[in-house]
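Remarks on the structure that follows.
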């Protein structure tokens, strides 16, 4: 999986980088979010470990964009660990990612 292409695609699809204060996500994680419905966000969390990179995505309801990473979601609707290129087909409706 090409991490540089993923990050470029997220930025081009209007995902915003969430300020990670290490409260609800791992300290070194990069978090990107996009509101897909009223207070429902598609988030990508990218963990950068020395040995490998891990990515997971969620669709969850939050109070606001600012509460992502600071509070638990009101409701978790979907969660997936992304390990292969094929895992991205679940998100084709919301984001155009080609890795």
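Numbering (this note's numbering), first residue to last: 1 to 99. The beta carbon of each residue, even a glycine, is placed where N, CA and C say it ideally should be.
Check whether residue i and residue j have beta carbons under 8 Å apart
i	j	result
residue 39	residue 64	yes
residue 41	residue 35	yes
residue 56	residue 81	yes
residue 4	residue 18	no
Selected residue, minimal CA-CA separation from residue i, among the options
i	options	result
residue 76	60, 67 and 8	60
residue 54	30, 23 and 10	30
residue 22	67, 78 and 79	67
residue 74	84, 5, 83 and 58	58
Run of the alpha helix (DSSP H) containing residue i, from where it starts to where it stops
i	result
residue 8	3 to 12
Cut-off 8 Å between Cβ atoms - residues of its own chain near residue i, not counting five sequence neighbours on either side
i	result
residue 48	28, 29 and 30
residue 71	24, 62 and 63
Continuous beta strand (DSSP E) stretch holding residue i: start and end
i	result
residue 35	30 to 37
residue 78	75 to 82
residue 44	40 to 48
residue 107	Not covered by the structure: residue 107. The range shown for the chain is 1 to 99.
Residues near residue i in its chain [Cβ-Cβ closer than 6 Å; skip 5 each side]
i	result
residue 24	69
residue 79	58
residue 46	30 and 55
residue 15	32 and 34
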